[in-house]
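Visitor: Sharing a structure, written as structure tokens. Questions coming.
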Amino acid sequence: MSRQSTRLDVKKVNSELFTLTYGAIVSQLMKDYENVEDVNKQLDRMGYNIGVRMVEDFLARTNAGRCYDLRETADKIQYAFKMYLGITPALTNWSAAGDEFSLTFDTNPLTEFVELPDNYQNLKYSNILCGALRGSCEMVQMDISCWFVQDQLKGDLATELRIKFNKRLEDAIPAGED
Amino acid sequence: MGIYGVYIVSKSGGLIFNYDYTVPKIETEQTFSYPLDLKLSYENNRLLVSFGQRDNIKVGHVLLAINGIPVSGRKLEDNKDALEMLDDAANYPLNLKFGRPKMTVNEKIFLASMFYPLFAIASQLSPEPRSSGIETLEADTFKLQCFQTLTGIKFIVIADPTHTGLEQLLKKIYEIYADFALKNPFYSLEMPIRCEMFDTNLQALLEQADKNGINGI
Chain L
1 MSRQSTRLDV KKVNSELFTL TYGAIVSQLM KDYENVEDVN KQLDRMGYNI
51 GVRMVEDFLA RTNAGRCYDL RETADKIQYA FKMYLGITPA LTNWSAAGDE
101 FSLTFDTNPL TEFVELPDNY QNLKYSNILC GALRGSCEMV QMDISCWFVQ
151 DQLKGDLATE LRIKFNKRLE DAIPAGED
Chain R
1 MGIYGVYIVS KSGGLIFNYD YTVPKIETEQ TFSYPLDLKL SYENNRLLVS
51 FGQRDNIKVG HVLLAINGIP VSGRKLEDNK DALEMLDDAA NYPLNLKFGR
101 PKMTVNEKIF LASMFYPLFA IASQLSPEPR SSGIETLEAD TFKLQCFQTL
151 TGIKFIVIAD PTHTGLEQLL KKIYEIYADF ALKNPFYSLE MPIRCEMFDT
201 NLQALLEQAD KNGINGI
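Residue numbers (full-length UniProt numbering), protein chains in the order written: chain L, 1 to 178; chain R, 1 to 217.
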């Protein structure tokens, strides 16, 4: 299922430009807030705002249907990563109840040229991803939590993003569905 | 073949976009002598033909102008009362212009928010569980096609009843919405769409769909 060829041509951009632009945002936030926790929060908020818009783009291009199982959602999230970041994270560590899983990245394009200074060890550098996932799932009436459990920037072997399904937002489901 | 208009209704049921693509303009101008052989009535702030259909003047048309002077409400632009003028034999012969009433923006907003509960009721009325809402609504002069996204936004297109491929057209409009409305940083969600790029791209799409059929896109 590749991005359909449309009148709107598929604009590809070098991931390095993206990486550096993101780096500029994070370093500007560090200057503006000075407090690492505030920066984490701000990145999450920015991601959320991106996510609520980006999900429409994803739906419009893939003709994806509604998910009735977290495994379907996981596949779509994996596909979205391929579409927007050009990477395919592995789906691992499913919980027994099937309501939690991890996305494991060998490489993270956001952190390509990045080293964390020692005093920034609490910074969740790629926290924008958590916000984006939360925002986009919320728009399709799923409440999820999302956090980093491993980060290559902090010396771990891989980057692992944990996703937990909280509940379906029943009130928000549009009429004519369910 | 012909597309009449496109509407977008937000998740909460407000009209966030409307665009009239082709609305045939029907206007007739004729000279009348006393007494006037049309019955006019004043409704919804307009002077309507209520009886006495003839030539191209149909029941339901509104009085647009008298002697070339536009009528708004029941008053002429020069503040004379239109009905009084029509009743006075001394004013005749009069040149009257009639035409189809144009929908005001308020009426459009009103109709869009009316479609919202209709759509919901349709899914409730269904004999089968988990039915969608209204997808197509047909009448003898038009067809309404509605597409609701997973996020709850409704895209509605009104077209000629013979028009085919409206579903694909709506998907394309969704793509344009995702590209040019949502990626515009100055557009805030759920608010009316006022993005020039969105307008021009939508217009280009409709033109192409009208000319080459939907498969040509």
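All C-beta atoms, glycine included, are put in the ideal place defined by N, C-alpha and C. Being a predicted model, the structure only gives us computed values, none of them experimental.
1) Please classify L:Ser126: is it buried, with 16 or more other beta-carbons within 10 angstroms of its beta-carbon, or exposed?
2) On a Cα-Cα basis, can you pick out the residue from R:Phe51, R:Gly60, R:Glu135, R:Glu43 that is closest to R:Ile26?
3) Just the chain L side, please: which residues come within less than 9 Å of residue 218 of chain R by C-beta, in chain order?
4) Under 7 Å between beta-carbons, which chain R residues line up against L:Val52? List them in chain order, please.
5) Compile a chain-ordered list of the residues in the stretch 17-35 of chain R whose CB is closer than 8 Å to at least one CB of chain L.
6) Might you give, ordered along the chain, the residues of its own chain that have their beta carbon closer than 8 Å to the beta carbon of R:Thr141, omitting 5 neighbours on each side?
7) Under 8 Å between C-beta atoms, does L:Arg162 make it to chain R?
8) Once the 5 residues before and after R:Ala82 are set aside, which same chain residues still bring their CB inside 7 Å of it?
9) Just to confirm, is the Cβ distance from R:Gln148 to R:Gly133 under 8 Å?
10) With H, G and I counted as helix, E and B as strand and the rest as coil, what does DSSP make of L:Arg3?
11) Hey, how far is the Cα of L:Leu112 from the Cα of R:Ile121?
12) Starting from the beta carbon of L:Val140, find every residue of chain R whose beta carbon is closer than 7 Å, and list them in chain order.
13) Is it true that the stretch 96-115 of chain L meets the stretch 148-162 of chain L, where meeting means three or more beta-carbon pairs spaced less than 8 Å apart?
14) How would you call R:Lys5, buried or exposed, if buried means at least 16 neighbouring beta carbons within 10 angstroms?
15) Applying a beta-carbon distance threshold of less than 9 Å, which residues of chain R neighbour L:Arg66?
16) Using the rule of at least 16 other Cβ atoms within 10 Å of the residue's Cβ for burial, across every protein chain shown, is L:Ala24 buried or exposed?
17) Which chain L residues sit within Cβ distance under 9 Å of R:Tyr7?
18) Have a look at L:Tyr22, L:Gly98, L:Met54, L:Leu123 and flag the residue whose alpha-carbon is nearest the alpha-carbon of L:Tyr33.
19) Looking only at C-alpha atoms, which of L:Gln78, L:Glu56, L:Glu37, L:Glu170 sits nearest to R:Thr151?
20) Please tell me whether R:Ile139 and R:Gly2 are closer than 8 Å, where the distance is taken between their beta carbons.
21) Quick check on the burial criterion: 16 or more other C-beta atoms within 10 angstroms. Buried or exposed for L:Asp44?
22) Within 10 angstroms of the Cβ of L:Leu70, are there 16 or more other Cβ atoms? Answer buried if so, exposed if not.
23) So, with DSSP's three-state summary, where would you put R:Ile26?
24) With DSSP run on the structure shown, which of helix, strand or coil describes R:Glu107?
25) Note down, one range per segment and in chain order, each beta strand (DSSP E) of at least 3 residues found wholly within the stretch 65-145 of chain R.
26) Is there at least one Cβ from chain L nearer than 8 Å to R:Leu182's Cβ?
27) Quick one: using the 10 Å Cβ neighbour count with 16 as the cut-off for buried, is L:Lys76 buried or exposed?
28) Could one say the Cβ of R:Lys11 lies closer than 8 Å to chain L's Cβ atoms, at least one of them?
Guide: In brief:
1) Counted from its first residue, the first sequence places residue 126 of chain L at position 126. Around the beta-carbon of L:Ser126, 16 or more other beta-carbon atoms lie within 10 Å, marking it buried.
2) For this step, residue 26 of chain R is matched to residue 26 along the second sequence. Minimum Cα distance to R:Ile26 is reached at R:Gly60.
3) Lying outside 1 to 217, the shown extent of chain R, residue 218 of chain R is not represented and no answer is given.
4) Start at 1 with the first residue of the first sequence, and residue 52 of chain L comes out as number 52. Within 7 Å Cβ-Cβ: Leu189.
5) Flagged: no residues at all.
6) As a working note, residue 141 of chain R is residue 141 in the second sequence. So the list reads Pro161, once near-sequence residues are dropped.
7) Looking up residue 162 of chain L in the first sequence gives position 162. For L:Arg162, the closest Cβ of chain R is not nearer than 8 Å.
8) The residue labelled residue 82 of chain R in the question sits at position 82 within the second sequence. Beyond the five residues adjoining it in sequence on each side, R:Ala82 comes within less than 7 Å, by CB distance, of Leu47, Leu63, Ile66, Val71, Arg74, Lys75, Leu76 in the same chain, given in chain order.
9) Locating residue 148 of chain R in the second sequence gives position 148, where the first residue counts as 1. Locating residue 133 of chain R in the second sequence gives position 133, where the first residue counts as 1. Yes, the Cβ-Cβ distance between R:Gln148 and R:Gly133 is below 8 Å.
10) Taking the first sequence and counting its residues from 1, the one referred to as residue 3 of chain L is at position 3. Since pLDDT at L:Arg3 reaches only 41, below the 50 mark, its modelled position is unreliable, and no value is offered.
11) Translated into positions along the first sequence, residue 112 of chain L becomes position 112. Translated into positions along the second sequence, residue 121 of chain R becomes position 121. Position check: residue 112 of chain L holds Glu in this sequence, whereas Leu was assumed. C-alpha separation (whole angstroms): 52 Å.
12) Numbered from its first residue, the first sequence carries residue 140 of chain L at position 140. Result: Leu150, Thr151.
13) For the pair of segments examined, the stretch 96-115 of chain L was found to touch the stretch 148-162 of chain L: the number of CB pairs separated by less than 8 Å reaches three.
14) Working through the second sequence from its first residue, we reach residue 5 of chain R at position 5. The question names Lys, but residue 5 of chain R in the sequence shown is Gly. So R:Gly5 counts as buried.
15) Within the first sequence, residue 66 of chain L is the residue found at index 66, counting from 1. Using a Cβ-Cβ cut-off of 9 Å, L:Arg66 is close to Leu150 of chain R, given in chain order.
16) One-based indexing of the first sequence puts residue 24 of chain L at position 24. Its Cβ having fewer than 16 others within 10 Å, L:Ala24 is exposed.
17) Position 7 of the second sequence, counted from the first residue, corresponds to residue 7 of chain R. By Cβ distance, chain L contributes nothing, its closest Cβ being about 16 Å from R:Tyr7, past 9 Å.
18) Here residue 33 of chain L corresponds to residue number 33 of the first sequence, with the count starting at 1. Nearest option by C-alpha distance: L:Leu123.
19) Numbered from 1 along the second sequence, position 151 holds the residue referred to as residue 151 of chain R. Taking only the C-alpha atoms, the option nearest R:Thr151 is L:Glu56.
20) Along the second sequence, one-based indexing puts residue 139 of chain R at 139. Along the second sequence, one-based indexing puts residue 2 of chain R at 2. The displayed chain sequence assigns Ala, not Ile, to residue 139 of chain R. Contact: no.
21) To locate residue 44 of chain L, count along the first sequence from 1; it is residue 44. By the neighbour-count criterion, in which a residue is buried when 16 or more other Cβ atoms sit within 10 angstroms of its Cβ, L:Asp44 is buried.
22) As a first step, residue 70 of chain L is located in the first sequence; it is residue number 70 there, counting from the start. With 16 or more other Cβ atoms from the protein chains shown falling within 10 Å of its own Cβ, L:Leu70 counts as buried.
23) The sequence position of residue 26 of chain R within the second sequence is 26, counting from 1. Annotated three-state conformation of R:Ile26 is coil, per DSSP.
24) Here residue 107 of chain R refers to the residue found at position 107 when the second sequence is read from its first residue. The DSSP-derived three-state label of R:Glu107 is helix.
25) If only complete runs of 3 or more residues are kept, the stretch 65-145 of chain R shows the beta strand (DSSP E) at 69-72, 94-99, 136-138, in order along the chain.
26) As a working note, residue 182 of chain R is residue 182 in the second sequence. At least one CB of chain L lies nearer than 8 Å to the CB of R:Leu182.
27) Counting from 1 along the first sequence, the entry for residue 76 of chain L is found at position 76. When all chains shown are included, L:Lys76 counts as buried.
28) Here residue 11 of chain R refers to the residue found at position 11 of the second sequence. For R:Lys11, the nearest beta carbon of chain L is closer than 8 Å to its own beta carbon.
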